[in-house]
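Numbering of the sequence shown is given in the working numbering, commencing with residue 115 and proceeding in unit increments.
The beta carbon of each residue, even a glycine, is placed where N, CA and C say it ideally should be.
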Amino acid sequence: MASVETAKESERGIVDIETLKTTNQT
């Protein structure tokens, strides 16, 4: 259970980073 939650949070963090990169590039 904890592993799944951690994976989801990590995924969310990666998405946030990708979004920030895209915003900075625009």
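Problem set entry | CA-to-CA distance, A121 to G127, given in whole angstroms | 10 Å
Exercise. Taking just the CA atoms, how far does E132 sit from E123?
Worked result: 14 Å
Exercise. What span of residues does the alpha helix (DSSP H) with T136 cover, start to end?
Worked result: 116-139
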